[in-house]
Amino acid sequence: MRVLITGATGFVGRAVCEAVVREGHSVRRMARGSRSHSLEPQNSAMEWVRGSVLCPNDLRQGMQGCDAVIHLVGIIGEIGDQTFERVHLEGTRRVLEAALTSGVRRMIHMSALGTRPEAASRYHQTKWAAEEAVRSSGLDWTVFRPSLIYGPGDGFVNLFARMSRWSPVLPVIGRGTSLLQPVSVDCVARAFARALDSKAAVHQTYDLCGPDRLNLPQVLQTLLRVTRRHRIILRIPRVLAWYPTAVLEQIFPLVLLCPAPLSRDQILMLEEDNIGNPEAADRDFQIPSIPFAKGVEDVLR
Ligand SMILES: NC(=O)c1ccc[n+]([C@@H]2O[C@H](COP(=O)([O-])OP(=O)(O)OC[C@H]3O[C@@H](n4cnc5c(N)ncnc54)[C@H](OP(=O)(O)O)[C@@H]3O)[C@@H](O)[C@H]2O)c1
Numbered sequence: 238m239r240v241l242i243t244g245a246t247g248f249v250g251r252a253v254c255e256a257v258v259r260e261g262h263s264v265r266r267m268a269r270g271s272r273s274h275s276l277e278p279q280n281s282a283m284e285w286v287r288g289s290v291l292c293p294n295d296l297r298q299g300m301q302g303c304d305a306v307i308h309l310v311g312i313i314g315e316i317g318d319q320t321f322e323r324v325h326l327e328g329t330r331r332v333l334e335a336a337l338t339s340g341v342r343r344m345i346h347m348s349a350l351g352t353r354p355e356a357a358s359r360y361h362q363t364k365w366a367a368e369e370a371v372r373s374s375g376l377d378w379t380v381f382r383p384s385l386i387y388g389p390g391d392g393f394v395n396l397f398a399r400m401s402r403w404s405p406v407l408p409v410i411g412r413g414t415s416l417l418q419p420v421s422v423d424c425v426a427r428a429f430a431r432a433l434d435s436k437a438a439v440h441q442t443y444d445l446c447g448p449d450r451l452n453l454p455q456v457l458q459t460l461l462r463v464t465r466r467h468r469i470i471l472r473i474p475r476v477l478a479w480y481p482t483a484v485l486e487q488i489f490p491l492v493l494l495c496p497a498p499l500s501r502d503q504i505l506m507l508e509e510d511n512i513g514n515p516e517a518a519d520r521d522f523q524i525p526s527i528p529f530a531k532g533v534e535d536v537l538r
């Protein structure tokens, strides 16, 4: 198969491209080539096309001659016209329209655990609306909903690992009691790659999560155990973080031309459990069950 992969240059996209090639398919990578995500060729077996999922022409060009599309594009922070509504919902609608007009029937969609109609965060609300658009598209779709994804170059485990080098404290906003089920990026990539050929995966929505359910302080303690560091895990009451975060959300796009490293939407997400049932995906795509401590050790090594 020739597969168009949107968001191919991102943290998850790079791993998905490699896994898809390993399964014997060829890949056309698509992204805008922004400063933070370079379009430098990753592998000679991959072609690339510069474009935005908000631009129908770019998508039509990207889909030409393809048999399937893996749609990964998503954002965690907003900047300019890259809003949750535009990127998650409008971008997905444009991908679906381009697939329908280009005769690309197989579509694999990246969503997120926690999406639901009445979700608190706009990230989850717009991911839910995008899922609904995919499910009513008439295409041969599969939806994946991962929990927190970790791996080389992620923005979470690596961020805290870096912070623990110089900071005596690691912050946790709020009570820190909600649960995460971190999953390795290799497992996520394998699920996307294997779903391409799987008839059983058509019209299915899968959770992607690891075997361990941990709250944020436990995630950080695991990280500290693996790196053999001793740091204080400091709980910051939500109210103390909320207003400074609102200020950061304004300053970062204006001054540094990038989204703030933390948003109020993320604070809302951190306050709810992000757990699911990995059984169906583990069974259908033979995903290994990697304990978080083991996975983190491999990443940080
Ligand atoms: N990381 C996690 O823990 C996690 C968990 C659950 C779900 N997810 C979902 O997984 C997906 C990938 O996440 P990630 O962590 O890999 O994000 P990422 O590293 O920020 O990568 C985002 C990718 O999308 C591209 N992109 C952004 N806007 C675009 C646009 N308008 N048109 C075309 N390409 C665009 C970026 O390249 P350019 O900027 O160059 O365009 C980049 O290739 C997202 O949908 C995210 O919601 C992630």
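For the sequence shown, the residue numbers in my numbering are 238 to 538.
Just so it is clear, CB atoms sit at the ideal spot from N, CA and C, and this is done for glycine as well.
As a quick exercise: from the options, pick the residue whose alpha carbon is nearest that of residue i.
{"i": "Met267", "options": "Ala517, Leu333, Pro448, Ser289", "result": "Ser289"}
{"i": "Val422", "options": "Val394, Arg330, Ser273", "result": "Val394"}
{"i": "Glu284", "options": "Met300, Cys292, Asn294, Ile410", "result": "Met300"}
{"i": "Arg269", "options": "Gln319, Pro525, Asp519, Leu491", "result": "Gln319"}
{"i": "Met344", "options": "Ala398, Gly388, Ile242, Arg538", "result": "Ile242"}
{"i": "Cys495", "options": "Gln487, Ala517, Gly244", "result": "Gln487"}
{"i": "Phe489", "options": "Gly314, Arg287, Ala282", "result": "Gly314"}
{"i": "Gly411", "options": "Val264, Arg330, Gln503", "result": "Gln503"}
Consider the C-beta atom of residue i and the heavy atoms of ligand 1; say whether any pair is separated by less than 7 Å.
{"i": "His346", "result": "no"}
{"i": "Val380", "result": "no"}
{"i": "Gln298", "result": "no"}
{"i": "Asp391", "result": "yes"}
{"i": "Ile524", "result": "no"}
{"i": "Ala357", "result": "no"}
Along the beta strand (DSSP E) that carries residue i, what are the first and last residues, could you check?
{"i": "Thr442", "result": "441–445"}
{"i": "Ser263", "result": "263–268"}
{"i": "Leu471", "result": "469–473"}
{"i": "His346", "result": "343–347"}
Along the chain, where does the alpha helix (DSSP H) containing residue i start, and where does it finish?
{"i": "Val456", "result": "453–464"}
{"i": "Val249", "result": "248–259"}
{"i": "Leu293", "result": "Looking at the sequence itself, residue 293 is Pro, so the reference to Leu does not match. Where Pro293 is concerned, the enclosing alpha helix (DSSP H) stretches over 293–300."}
{"i": "Val533", "result": "529–537"}
{"i": "Asp377", "result": "Looking at the DSSP string, Asp377 is not in any alpha helix (DSSP H); the run it does join, the beta strand (DSSP E), is 377–383."}
{"i": "Glu508", "result": "Segment: none, Glu508 is in no alpha helix (DSSP H) and carries neither H nor E."}
Quick one: Cα of residue i to Cα of residue j, how far?
{"i": "Cys254", "j": "Phe248", "result": "11 Å"}
{"i": "Arg465", "j": "Asp535", "result": "14 Å"}
{"i": "Val257", "j": "Val476", "result": "44 Å"}
{"i": "Ile469", "j": "Leu461", "result": "10 Å"}
{"i": "Gly447", "j": "Val533", "result": "12 Å"}
{"i": "Ala428", "j": "Gly413", "result": "30 Å"}
{"i": "Cys292", "j": "Arg450", "result": "39 Å"}
{"i": "Ala366", "j": "Arg353", "result": "8 Å"}
{"i": "Gln619", "j": "His325", "result": "The first residue shown for the chain is 238 and the last is 538, placing residue 619 beyond what the model contains."}
Sorry if obvious, but does the Cβ on residue i come closer than 7 Å to a heavy atom of ligand 2?
{"i": "Gln319", "result": "Absent from the structure shown: ligand 2. Ligands present: ligand 1."}
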